[in-house]
C-alpha cells in the first residue's frame, strides 16, 4: 500500500436547472475522470441552486477540507449567473474587472455586436484571480489559488479542464481493473469481501447489471498501488474461475 | 405570488462509482422530476463515497433542514453496501431484520438458489422502518419517517419512486414554461432581469445552446403561481417578438 499523500478535490455544481431535473448533469462524471488523470481524488460533490447563501456555505465547507474546489455553472452574462459574486463573498474579497478577460471579450464580441453591459459581466472576477482560457467561447473560466470556476455547459467546461491539464498538482493516480462476471453479486459477496481484506490498499466495488435477460455484476478493483491492484484482481479472477463462473469483459 | 408552504427535499447519492466517474449519475434528474410532480422542491444534492462518516454527516445536515431526505445507492448485498448501517448510526437506532423484507427475499430467491447471508443483508433496516416495494427486484427500499433509502440502479430507484407516488405530502408544484429563442443570451440579459423583477414570484433561468451553427438560448420561466407564470412568460414572449427575434420551441 502506497504511503503517498492523497490529493482531494470537491465539485460544486451550481444551477437551478439541475435541481429542477430539466438538465441532466454531465459535469460530475467529466470532472471526476479528469481529476483521476491528474492524480486527484474527487472526494465529494454538492449541487446547489442559484442562491448566494447556498453557494457561500458550500464553498466555505468544501474548500476547508479539500485540496481543490471546482465549480460549474453560473458564470455567464445573465442575472441568474451569480457564482462570481457569491464566491467573492465567501472569500471576503471584492469583485473586479479582469483586464485580460475584458480584452478577450472585446476581441470575441467585436465582430458579434460588441461588448455590452451583460457581456462585460463575464470579465468580473474575485480580486486576485487568474483566467482559465478556452477555445470555444470568449468567456474564460476563473482560477483563484485552489479554486476553479468553470462554465456549466459541459463541452465548455471540458475545454477549460483541457487547458488545466498538467497545471494542477496531484499525487499517484487511482487505477482500477474491472472484472465482469455472469453471477448475481449476492452469490459471491463473501468472496469479494475476503479478497479485498486480504489485499491491503485495495477496494472492490460491486455493480450489478441485467443484460440479455441474465444477471451479472462488474467488480471494480481500485488502488493507487499497481502491484496491489494486480494481486487483488488476479486472485479474484482466479477465484471466480475456480467456482466455474463465466468471466466477461475482464480488463487485463 | 402564492403564500403556500414550500416543501423541500434533499438527495444524497452514495457510491464510489459516481465519484470515480465510472458511472454517470441518472438519479439526480430522475428524483428531481419526480419530486416536482409531488409538489416538493429538490433543494440540494450531495454525492459521497461508500464511507460511513461521510454518509452520517450528510444525513444529519440534510435531514435537519429539509422536509424529506432521499438516498440512492448502497443498499445491496455486498460489503461495499453500507448505507443502512451508516444511516442507523446517524439516527442513533439499531439495525434489525425486517420480517416482511426477509419474507420477500425468501420468496424471490427461493427459485434462485435460496437466501444466503449476503442476500439476507438486504432485509436489514434501521429499527422502525417500513418498506418501499418494487416490482423488479426482491429487495425493497426503506422508509423511515421522512427518510427514503432507494437503490442506486436507476431503473430500480425509478420503480421505488413509482410506488411512492402520491404517498409523500407536498405543496403546490413548481410549474415552468420554456421559451427558446435564436439570440445570444447576452443580448437580452437586461430584458430577462427586468421581466423577472416585474413579475413577483417568478424566476427566469437562461440556458444558452449552440445548434446548427447558430447561437440561441432557452429561457425557462418558473413559478408555483400559474397566473404569475403566464403573465411573465407572455410578456417575455411579446418583448422578444417586438425586438424582431425569432422565437422557437415555445411551450404555450
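Chains as they are written, first to last, in my numbering: chain F, 851 to 1102; chain S, 851 to 1102.
Heads up, the beta-carbon is just placed ideally off N, CA and C, and yes, glycines get one too.
Exposed is the label assigned to residue 1077 (chain F), since fewer than 16 other Cβ atoms lie within 10 Å of its Cβ. Around the Cβ of residue 937 (chain F), a 10 Å sphere holds 16 or more other Cβ atoms; the residue is buried. Nearest to residue 885 (chain S) by alpha-carbon distance, out of S:1087, S:901 and S:857, is S:857.
When DSSP states are grouped into helix, strand and coil, residue 1036 (chain S) belongs to the helix group.
At a cut-off of 9 Å, the C-beta of residue 929 (chain S) has a neighbouring C-beta in chain F. Note that the segment 887-899 of chain F does not touch the segment 948-958 of chain F; fewer than 3 beta-carbon pairs, one per stretch, sit closer than 8 Å. Scanning F:855, F:880, F:1016 and F:860 for the CA closest to the CA of residue 1002 (chain F) turns up F:880.
Looking at the DSSP output, residue 919 (chain F) sits in a beta bridge with F:860 and F:997. For the pair residue 1055 (chain S) and residue 941 (chain S), the Cα-to-Cα distance works out to about 37 Å. For residue 1018 (chain F), same chain residues with a beta-carbon under 6 Å away, outside a window of 5 residues either side, are 888 in chain order. Going by beta carbons, residue 1073 (chain F) and residue 1049 (chain F) fall inside the 9 Å limit.
Proximity to residue 971 (chain S) across S:900, S:1021, S:1094 and S:925 peaks at S:925, based on C-alpha coordinates. Around the beta carbon of residue 1015 (chain F), a 10 Å sphere encloses fewer than 16 other beta carbons of the protein chains shown; the residue is thus reported as exposed. Residue 976 (chain S): member of the beta strand (DSSP E) spanning 974-976, first to last residue. With a cutoff of 9 Å on beta-carbon distance, residue 1030 (chain S) and residue 1071 (chain S) are scored as not near each other. Only those residues of the segment 875-886 of chain S whose C-beta falls short of 9 Å from the nearest C-beta of chain F are listed: 875, 876, 878, 879, 880, 881, 882, 883, 884, 885 and 886.
For the segment 1012-1028 of chain F, the set of positions with a beta-carbon nearer than 9 Å to some beta-carbon of chain S reads 1024, 1026 and 1028 in chain order. The Cβ-Cβ distance between residue 869 (chain F) and residue 897 (chain F) falls below 9 Å. DSSP places residue 1050 (chain S) in no beta strand (DSSP E); its state is neither H nor E. Counting along the chain, the unbroken beta strand (DSSP E) around residue 1067 (chain F) starts and ends at 1064-1073. One thing to note: residue 1041 (chain S) has its Cβ within 9 Å of the Cβ of residue 1089 (chain S). Between residue 989 (chain F) and residue 1033 (chain F), the beta carbon gap of about 50 Å keeps them out of contact (Cβ cut-off 8 Å).
Between residue 1000 (chain F) and residue 1011 (chain F), the gap from beta carbon to beta carbon is short of 9 Å. Taking the Cα of residue 959 (chain S) as reference, the smallest distance to any Cα among F:912, F:1037, F:873 and F:1052 is reached at F:1037. Cβ proximity to chain S below 7 Å picks out nothing from the segment 937-950 of chain F.
Of all alpha-carbon atoms in F:1039, F:974 and F:1005, the one lying nearest the alpha-carbon of residue 928 (chain F) is that of F:974. Taking a 10 Å sphere around the C-beta of residue 947 (chain S), we find fewer than 16 other C-beta atoms and assign the residue as exposed. Burial state of residue 854 (chain S) is exposed, judged by a 10 Å Cβ sphere holding fewer than 16 other Cβ atoms. Of all residues in the segment 970-1002 of chain S, none places a beta-carbon less than 7 Å from a beta-carbon of chain F. Looking at the backbone, the Cα of residue 908 (chain F) and that of residue 920 (chain F) are separated by about 11 Å. Burial state of residue 910 (chain S) is exposed, judged by a 10 Å Cβ sphere holding fewer than 16 other Cβ atoms. Per DSSP, the continuous alpha helix (DSSP H) segment holding residue 950 (chain S) begins and ends at 949-959. Comparing alpha carbon positions, the residue from F:873, F:912 and F:976 closest to residue 935 (chain F) is F:976. Residue 1043 (chain F) belongs to the set of residues whose beta carbon lies under 9 Å from a beta carbon in chain S. Unbroken alpha helix (DSSP H) stretches of 4 residues or longer found wholly inside the segment 979-1028 of chain S: 1004-1014, given in chain order. At a beta-carbon threshold of 8 Å, the residues of chain S lying near residue 1037 (chain F) are 963, 966 and 968, ordered along the chain.
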